[in-house]
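Before any comments, here is the structure.
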Amino acid sequence: GAQGQDNGHQKQSWMFWRRKRHLMTFLAFLGFVKVNALRVSVSVAAVAMTSPYNTTLDNGTVVEVQDFNWNSKMVGTFLGSYFYGQVPSQLLGGWLGARVGGARLFGWALFVTAVMTVITPPVAWANFYLLLFTRALTGFFEGMAFPCLLEIFSKWITPQERMNSMTFTMSGVPIGTVLGLQSGGLIADYLGWSFLFYITGILGLCWSIVWLLLVKDRPEYDLHISSEELKYIKDSMEVNTQNKNIKHPWKKFFTSMPVWAIAVGIICENWGHVTFMTQLPQFLKDVYDFRLAKTGFIASLPYIVLGIAAQFTGKLADWLRNDKILTMTQVRKVFGCGTFFLQAAILMLSTQFESATLVILCLVILLGLEAFMMAVLPSNGLDLAPQHASVIIGLVCTLGILPGILSPLISGYIVTNKSKEQWRIVFYVASGFFLFGGIFYGLLSSGELQPWAKDGTLPPGKEPGNNIPSVEEEDDIKNKS
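Numbering (UniProt numbering), first residue to last: 1 to 481.
The structure is reproduced here in structure tokens:
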């Protein structure tokens, strides 16, 4: 894109914090690490909260007690309440982010979740229903975070860096998961489960304060940004996203096939993901009597692979586009379909093996492949309509929650006697979702600015009546200037 001007702010030097857009990306990455470390450590905490342990009474007798005498239904409700909170907030987060400013909402939403986290232990001791409410509120505010991120990216991240920045930020999800799995058990064992909430909550409060102090909603609000970087961001944007009182063309969202391609892509990817992440450990236990949770490192391995792979797939995607090897649409289709079809094949394969080791290997590859999906699916809305991206992703992610609720239910109906044959059906269903997702996304997705996104969004300095240049023309203009 902008190879012409070789400004200092564009050199990939290690001092990334000098460039405000890269500092923002790094802080957003840390935000996702925190959110996901907490999400995983809550399930670690649930085990510790309900496990019996020995204690010595004053008179010297040793008795077995447990902090909370919950049945499996209560544990399920406790873990699920978080997701119920997320259902209404995704779209609201996207809409509000576009209204009040993504960066502020992102910071404050995660500030509230940090407060909720710190007060979780006393609330748990006080009342079970109050605890469910606290967890649902946490889910509600965390659900706003991701749509807000797209709003921030539409103002800060240029199309040339879009996939890499998004993939790097999203890699906070697997990295946070590994941290949660590895440190959660240790903290619970040595300090007690309540410290899981205190430590993650206090770290979350610190993160929010740093974010709210350093990150502004728009580059032009930032007093410390260099004039070169500000000019670079403004010159690279495809549409004018300065419009404050934005009107969203809702009807266009629902009738746009590229938007539906993202929705179907996310639903199918999530269905497969939820199936192999929540059901494969159960399958290993039922069929091979192998307990994945007992093997901390192996349980973390797929996430470690994904976290590492995600550092490269976004760079590869941006390079393919910026060096004109593929168009944006082709990058999205190649990465999206390739991932779907490979995942379908590997998931089918994983049910044919006789050894648990090979099944685990399949699981590692399945999750590693998601790094390619991370490069294309989450940021796809920014191609179609940058100024509406947060609302589009809010809509799409609301639909994307469905698999998380439905997939475990359906697995429960299919697997009644824990036989290998029944488990195969569960994985065949998920493979079917992968195949359908690949075909639908391959035929209907797009990486181009949509016609309905051009209304009233003339780039700065362009007169009405001029055509908005395509990405290719724009690059030529830049290289000449």
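From the three backbone atoms N, C-alpha and C, an ideal C-beta is built for every residue, glycine too.
| query | result |
| --- | --- |
| Going by C-alpha distance, which of T313, K251, K34 and R18 is nearest D222? | R18 |
| Which of the three DSSP states is assigned to V62 in this structure? | strand |
| Taking C-alpha atoms, which residue in W271, T138, W319 and C397 lies nearest to L367? | W271 |
| Using a Cβ-Cβ cut-off of 7 Å (strictly less than) and excluding sequence neighbours within five positions of T278, which residues of its own chain qualify? | P408 |
| In three-state terms, what does DSSP make of N322? | helix |
| Give a yes or no on whether the C-beta atoms belonging to G394 and G93 are separated by under 8 Å. | yes |
| Could you spell out where the alpha helix (DSSP H) holding Y413 opens and where it closes? | L402 to I414 |
| Quick check: what's the CA-CA separation for K231 versus P159? | 14 Å |
| Going by C-alpha to C-alpha distance, which of L449, P451, K20 and Q450 sits closest to I233? | K20 |
| Between which two residues does the beta strand (DSSP E) holding residue 482 run? | The question about residue 482 has no answer, for the chain in this structure spans 1 to 481. |
| Within the continuous alpha helix (DSSP H) that includes M116, where are the two ends? | G102 to V118 |
| Do C148 and G204 have their CB atoms nearer than 8 Å? | no |
| Straight-line CA distance for A263 to L384? | 13 Å |
| Along the alpha helix (DSSP H) that carries V210, what are the first and last residues, could you check? | W193 to L214 |
| Where do the ends of the alpha helix (DSSP H) carrying L358 lie? | A356 to V376 |
| Drop a sphere of 10 angstroms on the beta-carbon of F297, count the other beta-carbons inside from all chains shown, and report buried for 16 or more, exposed for fewer. | exposed |
| By Cβ distance, which residues of its chain are closer than 6 Å to F197, with the 5 residues on each side in sequence left out? | T117, T120 and P121 |
| According to DSSP, is N417 part of a helix, a strand, or is it coil? | coil |
| If E151 sits next to T113, beta carbons under 8 Å apart, how far is it from one beta carbon to the other, in whole angstroms? | Actually they do not touch by this definition, with Cβ atoms about 18 Å apart. |
| Taking F26 as the reference, which of S165, V44 and G412 has the closest Cα? | S165 |
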